[in-house]
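Enquirer: Sequences listed follow chains A and B, in order.
Counting with the working numbering, you get residues 355 to 566 for the letters of the first sequence.
Counting with the working numbering, you get residues 334 to 1050 for the letters of the second sequence.
My questions will all concern the structure given below.
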Amino acid sequence: MKSVLLIATFIFTLSISAQTPYEKGMNDAFALWEQQKNTEAVQLFERIASAETDNWLPAYYAGLIEIVSSFGLKDEALLTSKLTRAKGFLDNASAISKDNPEIMISYALLNTAYIAFDGAKYGMTLSGENIAIYQKAQAIAPNNPRVLLGKTEWDMGTAKFFGKSIAPYCEDIERAIILFNEEEQTIPYYPYSGLERANEISSNCKKETSPN
Amino acid sequence: MKTLLFLLLTLFCYSLFAQSTISGKVIDQQGTPIMGANVYLSGTYDGTATNENGLFTFETTTTGTQTLIASSISFETYSNTDDIANFSSITIKLKDDVNTLDAVTVNAGTFNAGDNAKVTALKPLDIVTTAGALGDFVGALQTLPGTSNVAEDGRLFVRGGDAEETQIFVDGMRVFTPYSPSANNIPARGRLSPFLFKGITFSTGGYSAEYGQALSSVLLLNSINEPQEEKTEISIMTVGFGLGNTKKWKKSSLSINTSYINLAPYQKLYPDNNEWHKPIESVGGEAVYRYKFNNDGLLKVYGAYSSANFDLTQEDINEVDGIRFGLKNRNLYINTSYQDFLEKDWSIATGVSFANDRSEIKYSDADITDVENSAHLKIAFKKFFSSRYKLNFGAEYFATNFTENYLDTNFENDFELDNNILSSFIETDVFFSKKFATKIGIRGEYSELLQEFTISPRLSLAYKAGTNSQFSLAYGEFFQNPKNDYLKYSSDFIAENTTHYIANYQYVKNKQIFRAEAYYKNYGDLVKYDTPFALPTSTYNNEGSGYAKGLDIFWRDNKSIKNTEYWMSYSYLDTERDYQNYPTSATPDFASKHNASLVVKRWVEDWKSQVGFSYNYASGRTYTDPNKGGFLTEQAKSFNSLNVNYAYLISPQKILYLSVSNVLGTKNVNGYQYADQTNMDGIFDRRTITPAADRFFFIGFFWTISDNKNDNQLDNL
């Protein structure tokens, strides 16, 4: 009896200290992504999403990787296939978590991938859509640093296009950095990233706007 | 007790860690292994990707009935629910995803514009930024092959057909009077503002069974479902001004546009060869209301009202003082459409469109009042069996009531006609594979006026021959009731008809499109009459006939030159017909044998400007020289026009737009008018019909006021 108890306790402790399948899956997927194995990472996130039907994160990441890896593609058929797939993942994610600012700005990123490929073909309709997305996201989450960063980057792009000063937007970048630093990171695997990008833009800002 | 517990525990552990192996191979329809497919059990973490031989194997601890999923980019996702024991050494055949960009498309005869299409001949901005188009969506379409340049008319003439053989639809509903009326020899403009639409499909032949009463061509416009933001737009132009406003609510939105056009100041500055008593003045307003229902249903109500008037005297060889022509027109158009997705992959689209058009025409000493009331009712259902098999069917009813009052010093007459048509159609889209697809349809129409029932079969096939190229074929029968001009005098007719045969080759690669299309069109039962004009006293019959054959070539390149896009079109047309009062078969005076156009646009970053030009060429059209005898045997001079435009973005919200048509001032000839009587030397004198003005200038300033500082009216130009 004693040994039985011992074994039982052992098994019990093992299962506590060991990672849950979710954690293991997410860690593996992030590792694959880090190693630039995008397809494998997307596939793993897709499988996790099929198991975790009430968690938006795996589908969100599957979509995000498809979007990020489609920038710079030259083949329109492949581009639309990847982005259509990405949209499917984002649709699944937002069905689980409605009005989620992180998912909303990923849709804007998806549109940007199309616009970057062919501005004349996609710019007219999709840039307006992006503006609307950022406005809505900002109304929902005024203190979300990623929403602020995304919107500001978009505005800066437009300002540069029209040969306008980007200086007024640099203040928003500084504000985003403050928000990033104040952000409490409590949810595991939540996409808290973005501070590095904000710092990078901030240093460009300082270079461009400082008097020589 | 101890042993029992131990045994139980071992069993429990065993079942907990029992593993079964899932393995097999993923192949495509040709049996080629697919590498990198994602194979997994739904709802578990168990799965893997296939290797270079399409093989996969993974362990699972689940038992019983499970769902195995295999997914890979550009294939349809496979799913199979079965006992897990059956998932060892399984062969999974993935079907090609026929919705991808590289799949075959049934497109013979059709051009798509807008961003909703796989292959876009014109991009959304092209509709409004093509030099010479002057913001008229018809102008941009005239740079596509298959259209003939008829500068003095302005409407769409497609493949040897006249302008009335093209029908225009908005959201599936017919537009009855799509063009603003104009005087003789002054081009008509489309009434619909181009920025209301997000997608345009222009078919030059062989189109779907869903559309009828068009012998040559259909133009399908889809309006915007949801405006992006609230804004106010102000435009100040050399020819008038406009004001627009868009409001958005949670589920609905309303856009209103108004415009006032007055050509008086322009004509003071640049007089043309007409004597204007009252230059063209028009007031118009349009409103679109959209409402989104909870269940994805979308209701759109579009209403437009315009009134226009002008009065002028035009030169005429038989009248020393010229001929006076005055017109007052008012037009109301309402288009209501509703679409919704139903259960089990059904969808419904239904709508009503209504037009009331009243014209008071003063022609010489005659007063003519025309009133046309027309309505179109339609209901269509779509069943989506799979991405490979779709069924579309529906019914529609067209009702037209036309009355005319003719009054001159010694004659008065009233004419009235009711032209009602009931039709129904059924059509199916089948993808046999990613490479081979077909569309088969049939349309039946019953005309109450002619008491005639017609059946039109339609068929298109498309085959993808290589990664970038495809061949398509189309065949169809098309019927159209004779024009109101004849029906108001007689109803003893049958419908005019054509048969289209089309062969198309298309090559698309990396922002480059090449397209060549050959066609043959056979016209039958065309209306003939025996007087110089269609008159109440003429004798009419349906014994006319004709043909049109030709080759259309299109090339668009958006990549070879940086920041520059260009396209070229060439159309060869050989057509003859024996209709109206033709004594013999001849090439009509609206058809030119060779048509070519080149459109170039360049974005100049440093100037924040888009510069563009377009060049149009059309070989000379036919005319009759009574001094030589014969009928339509002479050929006029060819048509040449170089147009330029320039859009300057002063700021994201302010745009300055300049455009000049026929910048070189080429003296074009629209035709000749011969005197009715010979002069003293026994020769018929003639007058050359030239465009009212050689050049046309347009300067506009467009200002958008919205919360968002980046929006502008570039799409409005």
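In this text, a Cβ means the ideal position worked out from N, Cα and C, and glycines have one as well.
Return the chain-ordered list of same chain residues with a C-beta closer than 7 Å to the C-beta of residue 492(A), the five sequence neighbours on each side being excluded.
Expert: Short of 7 Å from the beta carbon of residue 492(A), and not among the five residues preceding or following it, lie these beta carbons of its own chain, in chain order: 501 and 505.
Enquirer: Expressed to the nearest angstrom, what Euclidean distance is found between the alpha-carbon atoms of residue 844(B) and residue 891(B)?
Expert: 5 Å
Enquirer: Can you grab the Cα-Cα spacing for the pair residue 349(A) / residue 559(A), in whole Å?
Expert: Since the first residue shown for chain A is 355 and the last is 566, residue 349(A) is missing from the structure and cannot be characterised.
Enquirer: Considering Cα atoms alone, identify which of 920(B), 479(B) and 398(B) is closest to residue 904(B).
Expert: 479(B)
Enquirer: Helix, strand or coil for residue 574(B), going by three-state DSSP, please let me know.
Expert: Correct three-state label for residue 574(B): strand.
Enquirer: What residue ranges within the segment 954–979 of chain B form continuous alpha helix (DSSP H) runs of no fewer than 4 residues, ordered along the chain?
Expert: none
Enquirer: In terms of residue numbering, what span does the beta strand (DSSP E) encompassing residue 673(B) cover?
Expert: 652–674
Enquirer: Taking only the alpha-carbon atoms, compute the straight-line gap between residue 368(B) and residue 398(B) and give it to the nearest angstrom.
Expert: 27 Å
Enquirer: Compare the C-beta of residue 445(A) against all C-beta atoms of chain B and say whether one is closer than 8 Å.
Expert: no
Enquirer: Which residues share a DSSP beta bridge with residue 941(B)?
Expert: Its beta-bridge partners do not exist; DSSP assigns none.
Enquirer: Could you check what DSSP says for residue 481(A) in three-state terms: helix, strand or coil?
Expert: helix
Enquirer: So, is residue 381(B) buried or exposed, given that buried needs 16 or more other C-beta atoms within 10 angstroms?
Expert: buried
Enquirer: What residues match up with residue 864(B) in a beta bridge as DSSP calls it?
Expert: Residue 864(B) is not bridged to any residue.
Enquirer: Output needed for residue 555(A): all residues of its chain with C-beta closer than 6 Å, excluding positions within five of it in sequence on either side, in chain order.
Expert: 527
Enquirer: Pick from 721(B), 804(B), 777(B) and 776(B): whose alpha carbon is nearest that of residue 763(B)?
Expert: 721(B)
Enquirer: Under 7 Å Cβ to Cβ from residue 744(B), same chain only, skipping five residues before and after it: list those, please.
Expert: There are no such residues.
Enquirer: Considering only C-alpha positions, which residue in the set 455(B), 765(B) and 1006(B) is nearest to residue 796(B)?
Expert: 765(B)
Enquirer: Please list the partners that residue 397(A) has in chain B, where partner means a Cβ-to-Cβ separation under 7 Å.
Expert: Chain order gives the chain B residues near residue 397(A) as 371 and 382, where near means a beta carbon separation below 7 Å.
Enquirer: Is it the case that the Cβ atoms of residue 727(B) and residue 717(B) are separated by a distance below 8 Å?
Expert: no
Enquirer: In whole angstroms, give me the CA-to-CA distance for residue 612(B) and residue 645(B).
Expert: 7 Å
Enquirer: Does any C-beta atom of chain B lie closer than 8 Å to the C-beta of residue 428(A)?
Expert: yes
Enquirer: Distance cutoff 8 Å, beta carbons only. Does residue 453(A) sit that close to anything in chain B?
Expert: no
Enquirer: Could you give the residue range of the alpha helix (DSSP H) that holds residue 601(B)?
Expert: 597–602
Enquirer: Which residues share a DSSP beta bridge with residue 681(B)?
Expert: 673(B) and 714(B)
Enquirer: Measure the Cβ-Cβ separation of residue 389(B) and residue 383(B) and say whether it is below 8 Å.
Expert: yes
Enquirer: Taking CB distances under 8 Å as the criterion, tell me whether residue 375(B) reaches chain A.
Expert: yes
Enquirer: With DSSP as the reference, label residue 915(B) as helix, strand or coil.
Expert: coil
Enquirer: Check whether the Cβ of residue 987(B) lies closer than 8 Å to any Cβ atom in chain A.
Expert: The C-beta of residue 987(B) comes no closer than 8 Å to any C-beta of chain A.
Enquirer: Tell me whether the segment 420–436 of chain B and the segment 513–525 of chain B touch, counting them as touching only if at least three CB pairs, one residue from each stretch, are closer than 8 Å.
Expert: no
Enquirer: Thinking C-alpha only, which one of 581(B), 994(B) and 926(B) is nearest residue 1032(B)?
Expert: 994(B)
Enquirer: By the three-class DSSP mapping on this structure, what secondary structure does residue 414(A) have?
Expert: Looking at residue 414(A) - three-state DSSP - the assignment turns out to be helix.
Enquirer: Please report the Cβ distance between residue 356(B) and residue 417(B), rounded to the nearest whole angstrom; I am assuming they are in contact, meaning their Cβ atoms lie under 8 Å.
Expert: The pair is not a contact, with the Cβ atoms about 12 Å apart (cut-off 8 Å).
Enquirer: Is residue 561(A) helix, strand or coil by DSSP?
Expert: helix
Enquirer: Strictly by DSSP, which residues pair up with residue 622(B)?
Expert: Per DSSP, 587(B) and 634(B).
Enquirer: Pick helix, strand or coil for residue 529(B), following the three-state DSSP scheme.
Expert: Assignment of residue 529(B) by DSSP, reduced to helix, strand and coil, places it in the helix class.
Enquirer: CA-CA distance, residue 402(B) and residue 414(A)?
Expert: 19 Å
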